[in-house]
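Sequence lines, in order, name chains V and G. Okay, so the first sequence: first residue is 1 according to my numbering, each after it adds one. Okay, so the second sequence: first residue is 1001 according to my numbering, each after it adds one. Below: the structure, in structure tokens.
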Amino acid sequence: MTDADISNPRAYKDELIEQATRGGALVAGVADVEAFHMAPEGHRPTDLLPGARAVFVVGGAQPRAADWRSPNAEHMETTSTSDRISALALKLCHYVERKFGYYALLNPPGVDRGGQPFMSLSLAAELAGCGTRSLAGPILNREYGFMYYAALITTLPLPVDGLAQESVCPAPECLSMWEAEGTTPCLAVCPIDNGGCLGGRLENGKIVDSQYDRARCTIRTNGNWVPGFQKALGLALDEPDGERRKMILNSTMFTRTLWSMTYSNVSQAQCFECMRVCPVGATHRNLN
Amino acid sequence: MSFFFVEPEVYKKYKDRVLAMSQSIQVNYVEHLAPEKRKPGYSDKQIAEALGLDMRVVREIRCVGEREFYDIDEWEKATEFKERQCRAYAERGVASATGKYFAAKKVKKAGKK
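Below you can see the structure in the form of structure tokens.
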């Protein structure tokens, strides 16, 4: 294959998927740039890379089975980040540009100045057929359940995979629970009407309503990070007593927050409780 | 040297409206819902146009408002929630989330006998 042989885009895609798999991706797919019309203006592929023709999505590097079993919540707060899958996507960007000769832009894993994703990785993963949206929010892959995603936006015209044929969520177990109890495991763990982040409703086996308290979820997923730092710093600055100020600045919460902030733009999730009880992909989380 | 921030008077005046129009509390945000059902909330640009403000002002108000939405107590509640739920899952698996419903069912059933 030469850089000029674009008459066989399928071959480019196959080679890219092979590279992704060798790099540790469990899933890969291509989304149509035109399908991002539901994304807000400014957050679509062509807003980041003019002339973009495809979005290549890779998924994987999710927490290990043992991570899910640990009774120590702090463990996953520090071990589960998206940097491995993001590093793979960056490597693939280099590959596309050097080997194929087309532009390839990594969709940054962090957020922009307004705290918004540059381009929704959830939407990209869904449009690439890697998984479908869950009641809890994350995109679930049919085989593996929760995983991290990364995306590169490219001018290389790759054949599109499109949406998955069937929704992964609700899982049969969750549907049974909904019919019996009017809730699901993820909603039961973190109910929005009882101090949690999630709400929703199923009808005829589909999600018909959803609620998500992003502000509260941010505290749970980014608690020991920038938001926590801002809160604690404000508290410290407002404290007139020097000794009390010292106690705040040297507190475990503030200290841990400073440690976490060394991950500057890595997506560092610190709460997994809705996904811990999710049955999708559970077979991969049950070992000896 | 300058540093952009929104004056407190402007923030207080528009905070509630900006947050209400934004995506901070998402109801029916998911993309695959029927178009008539979807309520994705407004972008900063759309909120700015609706309120007659500069987009950058809306962004600042929204970001500060989101950070202020819950007070510091919520951080402690988050820590307690995660520790409690993670430990419960390690001990009882998915039943840590579903068990209370089956327990309630048993009580109800026992009550009928």
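Beta carbons: idealized from backbone N, C-alpha and C, even for Gly. Predicted model, so just to flag it, every value in this text is computed and none were measured.
Quick check on residue i - is its C-beta less than 8 Å from some C-beta in chain G?
i: V/K246; result: no
i: V/C169; result: no
i: V/G114; result: yes
i: V/V33; result: no
i: V/C130; result: no
i: V/M253; result: yes
i: V/E273; result: yes
i: V/V189; result: yes
i: V/S260; result: no
i: V/Q230; result: yes
i: V/G281; result: no
i: V/R64; result: no
i: V/D209; result: yes
Checking contacts by CB at 8 Å: is residue i closer than that to chain V?
i: G/V1030; result: yes
i: G/Y1014; result: no
i: G/V1107; result: no
i: G/D1044; result: yes
i: G/V1027; result: yes
i: G/F1069; result: yes
i: G/F1004; result: no
Using the beta-carbon of each residue, which ones in chain G are nearer than 9 Å to residue i?
i: V/V277; result: Q1085, Y1089, G1093, V1094, S1096, A1097 and T1098
If the cut is a Cβ gap below 8 Å, which residues of chain G does residue i touch?
i: V/S70; result: C1086 and A1090
i: V/L121; result: Here the premise fails: no neighbours, minimum Cβ distance about 13 Å.
Let's test the definition: count the other Cβ atoms within 10 Å of the Cβ of residue i and tell me whether it reaches 16, buried, or not, exposed.
i: G/K1015; result: buried
i: V/V58; result: buried
i: V/N286; result: exposed
i: V/L187; result: buried
i: V/Y144; result: buried
i: V/N194; result: exposed
i: V/G223; result: buried
i: V/T262; result: exposed
i: G/K1108; result: exposed
i: G/D1073; result: exposed
Compare the C-alpha of residue i against each of the options and name the closest.
i: V/I315; options: V/E18, V/C274, V/P45 and V/L287; result: Lying before the first or after the last residue shown, residue 315 of chain V is absent from chain V, which here runs from 1 to 288.
i: V/A54; options: V/E243, V/P108, V/L187 and V/D161; result: V/D161
i: G/T1098; options: V/C174, V/T257, V/G281 and V/V280; result: V/C174
i: V/M76; options: V/P117, V/R276 and V/E243; result: V/R276
i: V/N141; options: V/A215, V/E243, V/P185 and V/A25; result: V/A25
i: G/A1078; options: V/V33, V/G115 and V/T218; result: V/T218
i: V/I85; options: V/S260, V/A28 and V/P185; result: V/A28
i: G/A1020; options: V/T283, V/W259, V/W68 and V/R214; result: V/R214
i: V/P172; options: V/L202, V/P50, V/P71 and V/M253; result: V/L202
i: V/A35; options: V/L163, V/V111 and V/P279; result: V/L163
i: V/T155; options: V/A282, V/Y103, V/K206 and V/G129; result: V/Y103
Find the residues of chain V that neighbour residue i, judging by a C-beta separation of less than 8 Å, and give them in chain order.
i: G/R1059; result: R113 and G114
i: G/E1173; result: Only positions 1001 to 1113 of chain G appear in this structure, which leaves residue 1173 of chain G out of reach.
With a Cβ-Cβ cutoff of 8 Å, do residue i and residue j count as a contact?
i: V/Q165; j: V/Y95; result: no
i: V/L152; j: V/L121; result: no
i: G/S1022; j: G/R1067; result: no
i: V/H284; j: V/A66; result: no
i: V/Y212; j: G/Q1026; result: yes
i: V/S298; j: V/L135; result: Absent from the model: residue 298 of chain V. The displayed extent of chain V is 1 to 288, so no value can be given.
Within 7 Å: the Cβ of residue i and any heavy atom of the ligand GDP?
i: G/R1087; result: Questions concerning the ligand GDP fall outside what the structure shown contains, since it holds no ligand whatsoever.
Which residues of chain V have a Cβ atom closer than 7 Å to the Cβ of residue i, listed in chain order?
i: G/I1072; result: K231 and L235
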